[in-house]
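So the sequence shown is numbered by this note's numbering: it starts at 435 and just counts up by one. Everything below concerns the one structure shown next.
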Amino acid sequence: MIPCSNSTGSDPSVFFLTGIPGLESLHLWISIPFCSVFTLILLGNCTLLYVIKTEPSLHKPMFYFLTMLAVIDLVLSTTTVPKILSIFWFNSREISFNGCLAQMFFFHSLSILESAVLLAMAFDRYVAICNPLRYATILTNSVIAKIGLMALARAVLFMVPLPFLVRRLPYCRSHIISHCYCEHMAVVNLACANTRFNNIYGIIVAFFIVGLDLMFISLSYVKILRAVLSLASKEEQLKAFGTCVAHLWAILVVYTPVVLSSIIHRFGHQIRDRVLLLFRGKSF
Numbered sequence: 435m436i437p438c439s440n441s442t443g444s445d446p447s448v449f450f451l452t453g454i455p456g457l458e459s460l461h462l463w464i465s466i467p468f469c470s471v472f473t474l475i476l477l478g479n480c481t482l483l484y485v486i487k488t489e490p491s492l493h494k495p496m497f498y499f500l501t502m503l504a505v506i507d508l509v510l511s512t513t514t515v516p517k518i519l520s521i522f523w524f525n526s527r528e529i530s531f532n533g534c535l536a537q538m539f540f541f542h543s544l545s546i547l548e549s550a551v552l553l554a555m556a557f558d559r560y561v562a563i564c565n566p567l568r569y570a571t572i573l574t575n576s577v578i579a580k581i582g583l584m585a586l587a588r589a590v591l592f593m594v595p596l597p598f599l600v601r602r603l604p605y606c607r608s609h610i611i612s613h614c615y616c617e618h619m620a621v622v623n624l625a626c627a628n629t630r631f632n633n634i635y636g637i638i639v640a641f642f643i644v645g646l647d648l649m650f651i652s653l654s655y656v657k658i659l660r661a662v663l664s665l666a667s668k669e670e671q672l673k674a675f676g677t678c679v680a681h682l683w684a685i686l687v688v689y690t691p692v693v694l695s696s697i698i699h700r701f702g703h704q705i706r707d708r709v710l711l712l713f714r715g716k717s718f
C-alpha cells in the first residue's frame, strides 16, 4: 500500500513511486522483461566497450562515439532500473526528496548527453560520406575529445537549475508520483503552486536540445542522401546508406518517446496514466 500523503509542508521528506499505475498486481510478471532487458543492456554495452578497447582496428571516430553512447546507456540504466526493480520485487516505493532530485538530474542530464552524441554521430556520417578524403583530418582524437567535453558541459549547464526549480515549489498535495522513477514534469505536477516557470523552462530546454539537435541531424542526412544518390552504382549507394541505418534506428528509439512525452505532459491531460507511462519510458 502507498501512504496517502497530503501534508502541508513545503518540502516533502519522501515521494512514493507507483510503478505502473493500474497494473500493480502484475508487477512481478512485468519485472521479468525489465530485468531481462537490463541484463542485456549491461552485458551488451560492457561487451561492446571491451571489444572496442581491445581491437585496434576499431579505434576510429565512429566507434569512439559508440563508446560514449554505451557508457551513457550503462549509467542511464543504473540510474533508474534498480529502483524500478525494487518497486516490482519488494514494493519499495519510497524515495527521499533529495534522492528524487538526484535521480531526476542524472536522468535528464544523461538524456541530453545522449542527444549530443547522436548529433555527433550524424556529423561523423556526414563527413565520412560527403567529405571522405578529409575524414581523418577533421575528426581527430582531440576534436572527438572536445566534442565529448562540450556535450557534457551542455548537459550539466542545462540541468543544474532543474533541482533548484523543483525544490522551490511547495508540495501540499499528494506526494505520490505516477511513474517508476523521478521525472521532471511528473514531480512538478504534484506542486500546489504556479508551475508556469518550470513548464516554460522545460519547453526551452526541449527546443534547444531536441529541436536543434534534430534539426542539425536532419540537415546532415539531407546532405548525406544527396551525396548517396549521386553515387554511380546501386551497390555503392546501398553500402553508403547501410553505414547510417543503425544510427537512424537509434535516433528513432531515443527521440520519438521524448517528443511524445513532452506533448502528452503539457497537452494530453485526459490521457490515462498507463499510456503516458508507455511514452515516457524512453530508455532503461
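Just so you know, even glycine gets a beta-carbon here, dropped at the ideal spot from N, CA and C.
Contact check for Pro446 against Ser612 fails: the beta carbons are separated by 9 Å or more. Around the beta-carbon of Pro595, fewer than 16 other beta-carbon atoms lie within 10 Å, marking it exposed. Straight across, the Cα-Cα distance linking Leu653 with Pro566 is about 18 Å. Spanning the alpha carbons of Phe524 and Val551 requires a straight line of approximately 36 Å.
Contact annotation: the segment 473-480 does not touch the segment 546-565, with fewer than three C-beta pairs closer than 8 Å.
A Cβ-Cβ separation of about 20 Å leaves Val622 out of contact with Glu528 under the 8 Å criterion. If you look at Ile529, you'll find it isn't in any alpha helix (DSSP H); it sits in the beta strand (DSSP E) that goes 528-530. Of Val561, Phe541, Phe641, Arg630, the smallest CA-CA separation from Met593 is found for Phe541.
The C-alpha of Leu519 is placed about 6 Å away from the C-alpha of Ser465. DSSP places Val687 in the helix class (H, G or I) of the three-state scheme. Annotation for Val662: Ile563, Gln671, Ala674, Phe675 place their beta carbon closer than 7 Å to its own, counting only its chain and skipping 5 residues before and after. Take the alpha-carbon of His618 and the one of Val644: they are about 16 Å apart. When rounded, the separation of the alpha-carbon atoms in Lys494 and Ala640 is 31 Å. Taking each of Pro516, Leu544, Ser530 in turn and checking the Cα distance to Asp507, the smallest one comes out for Leu544.
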